[in-house]
Amino acid sequence: MEAIRADLANDALLSIGDTSTDIKWYLKRLSIATIYQSAEIYMLQDQTIGSVRSLMSQSLSDTAQVANELLTVVRTMTIGRQ
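All you need for our numbering is the position in the sequence shown, starting with 1, plus 489.
Below, the structure is given as structure tokens:
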């Protein structure tokens, strides 16, 4: 099952032209697979398309916010090393 989610995440990002080969490759695919798994679990309880879309939209927004905050921390930590 994990291989299917990994393939799905990889296909989703490749379909939008993502060809990254650095650590972001792993992070993006992990994020997509996690959001997909959350949506699957959520649909077991509520199968209305609007609520699933809302969940996915919020999950993507939260993921982007966390990624931006992590990048800010990394940049702040590396400024003194330059």
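Glycine included, every Cβ here is placed at the ideal spot set by N, Cα and C.
Burial state of S550 is exposed, judged by a 10 Å Cβ sphere holding fewer than 16 other Cβ atoms. A522 and A498 do touch by the CB rule: their CB atoms are close to 4 angstroms apart, below 8 angstroms. Taking a cut-off of 8 angstroms for Cβ pairs, the region 518-532 and the region 494-510 touch, as three or more such pairs fall below it. With fewer than 16 neighbouring CB atoms inside 10 Å of its own CB, I538 falls in the exposed class. By the 16-neighbour rule on beta-carbons within 10 angstroms, I505 is exposed.
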